[in-house]
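Just so you know, we're using full-length UniProt numbering here: the sequence shown kicks off at 1 and counts up by one.
Heads up, the beta-carbon is just placed ideally off N, CA and C, and yes, glycines get one too.
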Amino acid sequence: MFFSQRLLLAFMAFLGKVFIYTTRVNLSVAVVCMVRESISNSTDHNNSNNINLTLFNSTTEPPSSSGCGGGSSSDDDSGYEHAEFDWDKTTTGELLAMYFYGYIFTQIPGGWLASRYGGKRVWGICQAVCAVCTLLTPLCARTHVYLAYALRFILGFAAGVTFPAVHALLGRWSPPLERSKMASFTFSGPLVGNVLTFSISGLLCAYGFDNGWGSIFYLAVAVLVVVIEVVVVAAAMIIVVVVFIVVVVVVVVVVVVVVVVVVVYLVVAVVVVVVVILVLKITVVVVVVVILVSKVTVVVVVVVVVVVIVVVVVVLIVVVLVISVAVVVVVVVVVVVVLVVTAAAVVVEL
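Shown next, in the form of structure tokens:
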């Protein structure tokens with residue numbers, strides 16, 4: 001009612017895609033800092049030496065694999081100084097591929113789940129699974145490479161559901177004329193995620209905590225925390241604005257009702273005064289006429305006049321009470337209607 005929910009949805013889907021692609025490509029940079037270069041390249045170096053031996057005669061010494069440009073390196077050169085793992089390129093490639101092995105299994109089931117249980121629930125659960133898997137990646141990698149395999153497979157398995165879930169949400173929330181704009185904005189998130197990950201991961205690899213490469217995975221979880229904070233802030237802003245509008249509406253209604261009550265009472269008071277004055281004038285005239293044309297005593301006339309005045313005053317008091325009760329009922333009804341409408345608005349916004 002007060003905010004464009006579909007634009008908020010597109011923005012949240014955009015941030016979610018940034019997070020998903022951050023978890024997808026962070027290992028591609030982190031593996032450079034995780035694996036010792038001399039170990040990962042040993043197989044390639046040996047193969048290249050064997051090929052060179054067949055190309056040159058027995059008296060020709062094969063080219064040195066220690067470096068290019070006449071440079072030399074020590075035998076214990078390990079590339080990145082904080083590298084911890086002795087994985088070869090086959091192991092590294094399998095670790096990177098495990099994400100996509102899980103990813104291909106959940107595309108069609110993800111669409112069915114989003115249609116069956118709602119894209120919001122499916123998307124939120126899969127985001128949480130991706131966050132947990134990313135957070136546990138350094139621990140599993142240091143424990144055993146097979147645990148890292150399993151974790152990357154689960155990560156890809158959960159991430160594969162997010163795209164169908166977003167498609168389901170956009171299909172329900174985006175008007176036909178705005179669908180292309182919302183989709184293009186939402187799916188620009190992967191590009192932003194790639195740019196952020198590749199730009200920041202190198203710096204974290206060199207200067208981050210947990211041997212540098214570990215902080216790359218924590219960065220992805222930090223992105224999700226930012227997304228959650230944005231959701232909380234947006235919800236808080238909506239609640240604050242709605243509450244402010246409720247307070248303003250209630251105050252305006254109360255002021256209007258008070259003004260109406262005051263005006264009604266003033267009108268009633270004026271009417272009472274006018275009626276009393278008219279009754280007194282009529283009574284005086286009647287008394288004078290009765291005294292002049294009849295033999296009724298003054299005492300009887302005075303008693304009749306007093307009775308008439310009392311009856312008039314009682315009638316006016318009853319009228320005032322009826323008007324007061326009516327005004328109170330109107331005030332209560334108006335306040336209840338305002339509170340119900342504003343409460344419904346809050347529920348719709350949430």
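Neighbourhood of residue i by C-beta distance below 6 Å, restricted to the same chain and skipping five residues each side
i	result
V129	A158
I216	N26, A30, S201 and L204
A141	A148
G102	F153, G156 and F157
Y218	none
A220	T22, T23, N26 and T134
G119	A165, A168 and L169
Backbone secondary structure at residue i - three-state DSSP
i	result
F209	coil
A10	helix
F85	strand
Exposed unless 16 or more other CB atoms sit within 10 angstroms - verdict on residue i
i	result
N49	Per-residue confidence for N49 stands at a pLDDT of 49, beneath the threshold of 50, marking its modelled position as unreliable; the derived number appears in the next sentence. N49 should be labelled exposed.
W87	buried
P109	exposed
G189	buried
R121	exposed
M12	buried
Q127	buried
G208	buried
F19	buried
L53	Residue placement at L53 is flagged as unreliable, the pLDDT there being 46, under the threshold of 50; a coordinate-derived value is accordingly withheld.
M237	exposed
A269	exposed
L321	exposed
G93	exposed
F244	exposed
V242	buried
Proximity to residue i [Cα-Cα], best of the options
i	options	result
P164	A183, V305, V312 and V249	A183
V341	T22, G118 and V249	V249
L139	A168, Y21 and D210	D210
L136	F185, I154 and V337	I154
M34	V166, V242, G212 and H167	G212
T326	V338, V264, L316 and V285	This sequence places Ala at residue 326; Thr is not what is there. For A326, the nearest C-alpha among the options comes from V264.
T197	V272, K17, L7 and F85	K17
V8	S174, V254 and L95	Before going further, note that residue 8 is Leu rather than Val in the sequence given. Out of S174, V254 and L95, S174 has the C-alpha closest to the C-alpha of L8.
E37	E84, R6 and Q5	E84
K89	S28, Y117 and V225	S28
L96	V253, V32 and V252	V32
Contacting residues, own chain, Cβ-Cβ under 7 Å from residue i (five flanking each side not counted)
i	result
V305	T283 and V287
residue 417	With the chain running from 1 to 350 in the structure shown, residue 417 is simply not present.
V161	T106, G110, L113, V122 and C126
S115	A168
T91	V145
V331	V257
A206	G212
F185	A10 and F14
Y99	R24, R152, L155 and G156
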